[in-house]
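Below is one structure, written out as structure tokens; comments come after it.
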């Protein structure tokens, strides 16, 4: 990667982190941040741990407020991998929000 590309990447990352820091601990307006933040977990135990971490971070005002944070564990049985987890999470979001997300 060229020095110019690295410089632009550093600046863009710094800008994004600054924006995120300004959103921490406050209610965000529609369109200002994501509508939903989704985390996938390999099993129920990991899902519970992630939910606890997210809940604690929200309580400490380390994350933007007013966002739907969702953690989905993979279905039981054979491991489905990252791609399978993503597709499963999208299906779960469709189950929850359905037509609200169309249009």
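Numbering (UniProt numbering), first residue to last: 1 to 103. The beta-carbon is built from N, C-alpha and C at its ideal position, and this holds for glycine as well.
{"Asked": "In this structure, how does DSSP classify residue 58 when only helix, strand and coil are distinguished?", "Found": "helix"}
{"Asked": "For a test of the three-state rule: what should DSSP assign to residue 20, helix, strand or coil?", "Found": "helix"}
{"Asked": "Please report the straight-line C-alpha distance between residue 85 and residue 73, rounded to a whole angstrom.", "Found": "8 Å"}
{"Asked": "Roughly how far, in whole angstroms, is the beta-carbon of residue 75 from the beta-carbon of residue 23, given that I think they are within contact range, below 8 Å?", "Found": "Not quite, the Cβ-Cβ distance comes to about 33 Å (not below 8 Å), so this is no contact."}
{"Asked": "Judging by CA-CA distance, which residue of 91, 66, 49 is the nearest neighbour of residue 32?", "Found": "66"}
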